[in-house]
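**Student:** Residue numbers (our numbering): 524 to 1243.
Cβ atoms here follow ideal geometry from the backbone N, Cα and C, with glycine treated the same way.
Following this message is one structure expressed as structure tokens.
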Amino acid sequence: MHLSETVNSGFFFLAPWLVFAPVIGLLINIIFGGWFMKRSWGERAVGVVASLASGASFVVSVLLAWSLAAGHGEAVIVPFLEWIHIGSLELDWAFRVDSLSTTMMLVVSGVGTLIHIYAIGYMHEDVRFKGDPGRFRRFFVFLNLFIAMMMILVSGDSYLMLFVGWEGVGLCSFLLIGFWYDMDTLGRPSWANSNAAKKAFVTNRVGDFGFLIAAFIMFWAFGSFQFDEVFEAAHSVAPGVIVAITLFMLVGVAGKSAQIPLYVWLPDAMAGPTPVSALIHAATMVTAGVYLITRSAELYTLVPQAQYIVAMTGAITALFAATIAVGQYDIKKVLAYSTISQLGFMVAAVGMGAFVAGMFHLVTHAFFKALLFLSAGSVILGLERGHHHAEHGHHEEHGKGKTKSPKGEKEGKRKEEHHEVFDPGDMRNMGGLRKTMPVTFWLYMIGTLALAGIVPFAGFWSKDEILLDASRHYPAVYILLSIAAFFTAFYMGRQIWMVFFGEPRHEAAAHAEESKPIITAPLMVLAALSLLGGALNLPFEGFHQLGHWLEYTLHEVEALPLDLQVAGISTLLALAAIFLSWLIYGRNPLKTGQPDPLKKPLGFIFTGMENKWFVDEGYFAVIINPFKKLSQFLADVIDWRFWHDWFHDTVIAGTYNWVSNIGLNLYADQKGIDAFANWLGAATQSISATMRKVQNGFVRSYALSVLLGVVLIVGYLILK
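In structure tokens:
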């Protein structure tokens, strides 16, 4: 079947709308959002437009998957735009529709749409507490842009288009993580929010440098960036070239998917609003690295030594991050380190060649981790409402002249709390929320059981498939991942006992309120997927649905049966960890001001966990501070003292004065050379002053330039 016939035979012609649907949504909100926001229904309009745009992308993904299945799973390339034609290099923007890309499309757009709907309710509350409702529109513009860039990443037919989306989601993460760049949030100063965004951006640039080197080597070796051409030519080059490409790719993966040593940006990304955390850490940006390795499966399978390095990197990251999660108190930080750990599981899986297991865990993780992050946001909003209610109640009492409380000392302590910085994300301020927020509690429990790997939740099936493959081929990886799975169940049990059980440890927890249906409804859908998502690839004959689907792209997929020994060991480890967490945190719940029960018995070990094993401090000591000192030396000593003070004043100015003093200071010199030099300086100053208005250093100006460019391109394509 010819390409044109294939594209026109189903819904493949809709592929460009994967990207253009969210782009149109953001353009509508940019152009008309200001007018919307002046109306009482403005927030709903902005949120609905953005959600419909993301939902349209999901509908297109479903239609593409249906068309692909009807065509027996054969990959279809949908040409769209002639892009780069230089010499022998011809790169077009084309959409690749195959079983791997459609799986990612469905996850990104499906979970992304639920996050958009949730964000309508969450951001209404968030901007109310932050006091800046004007940013509501901007937030949804960024969300739509994020979805569009992620769709470019997963649908591109070449490494170059993948890299365009790769960089795009990096930019969007910077904009969203630093969304409250000038406001104090969750007890953090405003500069901490902007620093978190810069940290994510710079750390990912380090990883992107590795990806770029891999791309350069690829083009040098193969003369192309197209997937099919690269994979076909890979068998004819020296193995050392493939090793170099795959390992430099791993550097990019370590940045984007938060693996050792470039994981440090992800926990700080919690500075963004909670929907951002769910979008980045569940369905979009962090999964890009796992997708890259899976897409490059034909390269990695040629070099087992690179596969082993990838697998060990993932396994070590999984265990390392899981230990840090045990010592965290911020509800979202625990989930952030959990994300790093679970990404380690995925990277280990694809490194071992268990690509279906890695993708299976990517899908189920998107369900239950989005559920957990969004439920954590519900908890935070509940505490913010409780804190607001408590403060309002005390102000009323004070206005009525009530200076004494019947609760005596306890009331006095509560009054002192109002003068402290309150962090609604700190689990030490929670407790007893299962009574005041029962819906959120049960939803959180479902996500917790899925993450802990308890039967029959989705996480059990996907995690055990990874452990089974590791037990057969990589014993060291199996041991590391099994220990990480134990810690996973333990820190999630710890979180459940600290947040939802015991007595409220802060007045805000005592007055917490359940979230509205606009927030809890998307959580219920994610909860159902977290419970039933394992049915996508059950380890029984005839139920390997995801494996059969991905076989069209990955080829030679091995369908592993259920191993009762591996499943039994992992289940016992999870149950033992949850029971241990109950003994420590559930049987005797924390009291107000009580230190963590593990702090004293574990001593310096818990201190290390609590302080993230001092990795950030190590980076500052070894890299950042020496680099700053070197920069200061070059700027102060070399540039200013040597070049400006000595060379400029002594050599240049001295020579000029000496020449002038020997008789060249004539009329022609003054009226000709000096006049020209003065004119040139004035012209340069005028031009630079004009250009400085364009390069003003504000990210919002650069983002606006990018969006205007997108508008011009879309307009050109429509009118062409």
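Checking 8 angstroms against the spacing of the C-beta atoms, do residue 570 and residue 663 come in under that value?
**Tutor:** In this structure, residue 663 lies closer than 8 angstroms to residue 570 by Cβ.
**Student:** Please give me, in chain order, every unbroken run of the alpha helix (DSSP H) with length at least 4 that falls completely inside the segment 1087 to 1134.
**Tutor:** Segments of the alpha helix (DSSP H) lying fully in the segment 1087 to 1134: 1087 to 1104, 1122 to 1125, 1127 to 1133.
**Student:** Which residue comes first and which comes last in the beta strand (DSSP E) that contains residue 562?
**Tutor:** Element bounds for residue 562: n/a, residue is neither H nor E.
**Student:** Got a sec, what are the start and stop residues for the alpha helix (DSSP H) residue 1077 sits in?
**Tutor:** Taken as a continuous stretch (DSSP letters only), the alpha helix (DSSP H) holding residue 1077 covers 1068 to 1077.
**Student:** Over the uninterrupted beta strand (DSSP E) stretch that includes residue 619, give me the two end residues.
**Tutor:** Unbroken beta strand (DSSP E) run through residue 619: 612 to 620.
**Student:** Could you tell me the distance, in whole angstroms, from the CA atom of residue 640 to the CA atom of residue 890?
**Tutor:** Each residue's alpha carbon lies about 15 angstroms from the other.
**Student:** Would you tell me roughly how many angstroms separate the C-alpha atoms of residue 1040 and residue 895, rounded to the nearest one?
**Tutor:** Using only the alpha carbons, I get a separation of about 17 angstroms.
**Student:** Which ranges does the alpha helix (DSSP H) cover as unbroken runs of at least 4 residues, wholly within the segment 774 to 850, from first to last along the chain?
**Tutor:** Qualifying alpha helix (DSSP H) stretches, in chain order: 788 to 791, 797 to 801, 811 to 818, 820 to 823, 827 to 849.
**Student:** Would residue 971 and residue 897 be called neighbours here (beta carbons separated by less than 8 angstroms)?
**Tutor:** In this structure, residue 897 does not lie closer than 8 angstroms to residue 971 by Cβ.
**Student:** When the Cβ atoms of the segment 808 to 828 are set against those of the segment 772 to 787, are three or more pairs found closer than 8 angstroms?
**Tutor:** Yes: the two stretches touch, three or more of their Cβ pairs being nearer than 8 angstroms.
**Student:** Could you say which of 751, 550, 626, 846 lies nearest to residue 1100 if we only look at CA atoms?
**Tutor:** When only C-alpha atoms are compared, the closest one is 846.
**Student:** Of all the options 780, 862, 757, 908, which has the alpha carbon lying nearest to the alpha carbon of residue 825?
**Tutor:** For residue 825, the nearest C-alpha among the options comes from 757.
**Student:** Check whether the Cβ atoms of residue 861 and residue 785 lie closer than 8 angstroms to each other.
**Tutor:** Cβ atoms of residue 861 and residue 785: not closer than 8 angstroms.
**Student:** Just reading off the alpha helix (DSSP H) that residue 603 is part of, what are its end residues?
**Tutor:** No alpha helix (DSSP H) holds residue 603; the beta strand (DSSP E) holding it covers 599 to 609.
**Student:** Could you check the C-alpha separation between residue 1131 and residue 1137 for me, to the nearest Å?
**Tutor:** Between residue 1131 and residue 1137, the C-alpha separation is close to 7 angstroms.
**Student:** Hey, how far is the Cα of residue 527 from the Cα of residue 659?
**Tutor:** Model confidence at residue 527 stands at a pLDDT of 45, short of 50, so the residue's coordinates are unreliable; what they give is reported in the following sentence. Those two C-alpha atoms are separated by around 43 angstroms.
**Student:** Between 657, 636, 737, 727, which has its C-alpha nearest residue 682's C-alpha?
**Tutor:** Checking every option, the nearest Cα to that of residue 682 belongs to 737.
**Student:** I need the straight-line Cα distance from residue 981 to residue 892, nearest angstrom please.
**Tutor:** Whole-angstrom Cα-Cα distance: 11 angstroms.
**Student:** Buried or exposed, going by whether 16 or more other CB atoms sit within 10 Å of the CB of residue 600?
**Tutor:** When all chains shown are included, residue 600 counts as buried.
**Student:** At which residues does the alpha helix (DSSP H) containing residue 1142 begin and terminate?
**Tutor:** That run of the alpha helix (DSSP H) goes 1138 to 1142.
**Student:** Can you check whether the CB of residue 1048 is closer than 8 angstroms to the CB of residue 637?
**Tutor:** The answer is yes: Cβ separation under 8 angstroms.
**Student:** Report yes if the C-beta distance between residue 760 and residue 744 is below 8 angstroms; otherwise report no.
**Tutor:** Yes.
**Student:** So, for residue 840: in the same chain, excluding its five sequence neighbours on each side, which residues have a beta-carbon less than 6 angstroms away from its beta-carbon?
**Tutor:** Excluding residues within five positions, the ones whose Cβ falls inside 6 angstroms are 782, 783, 867.
**Student:** Exposed or buried, residue 1236, counting other C-beta atoms within 10 Å across all chains shown (16 or more means buried)?
**Tutor:** Exposed: under 16 other Cβ atoms inside 10 Å.
**Student:** Run through DSSP, which three-state label would residue 931 get?
**Tutor:** Unreliable placement is indicated for residue 931, whose pLDDT of 41 sits below 50; the coordinate value is still reported in the next sentence. Residue 931 falls in the coil class under three-state DSSP.
**Student:** By the DSSP assignment, the alpha helix (DSSP H) with residue 1055 in it spans what residues?
**Tutor:** That run of the alpha helix (DSSP H) goes 1040 to 1055.
**Student:** Which same chain residues end up closer than 8 angstroms to residue 929 when comparing Cβ atoms and leaving out the 5 residues on each side of it in sequence?
**Tutor:** At residue 929 the pLDDT is 36, less than 50, meaning the model places this residue with poor confidence; the figure from the coordinates comes in the next sentence. If we look at residue 929 and ignore the five residues flanking it on each side, it has no Cβ neighbours.
**Student:** Could you give the first and the last residue of the continuous alpha helix (DSSP H) run that contains residue 1022?
**Tutor:** Run containing residue 1022: 998 to 1023, per the alpha helix (DSSP H) assignment.
**Student:** Does the segment 1094 to 1108 come close enough to the segment 1006 to 1015 to have 3 or more Cβ pairs within less than 8 angstroms?
**Tutor:** In short, these stretches touch, since the Cβ pair count reaches three.
**Student:** In this structure, what does DSSP give as the bridge partners for residue 749?
**Tutor:** DSSP lists 681 as partners of residue 749.
**Student:** Quick one: Cα of residue 671 to Cα of residue 1159, how far?
**Tutor:** Each residue's alpha carbon lies about 44 angstroms from the other.
**Student:** Consult DSSP for residue 705 and reduce its assignment to one of helix, strand or coil.
**Tutor:** If DSSP states are grouped into helix, strand and coil, residue 705 belongs with coil.
**Student:** Whole-angstrom Cβ separation of residue 1004 and residue 871, contact assumed at under 8 angstroms?
**Tutor:** Between residue 871 and residue 1004 the Cβ distance is about 6 angstroms, and since that is below 8 angstroms, they are a contact.
**Student:** Pull up the distance between the alpha-carbon of residue 643 and that of residue 596, whole angstroms please.
**Tutor:** One C-alpha to the other measures close to 37 angstroms.
**Student:** Determine, for residue 660, whether the minimum Cβ-Cβ distance to residues of chain D falls below 8 angstroms.
**Tutor:** The chain inventory of the structure shown lacks chain D, comprising one protein chain alone.
**Student:** Taking the straight line between their C-alpha atoms, what separation do you get for residue 1008 and residue 1093?
**Tutor:** Using only the alpha carbons, I get a separation of about 7 angstroms.
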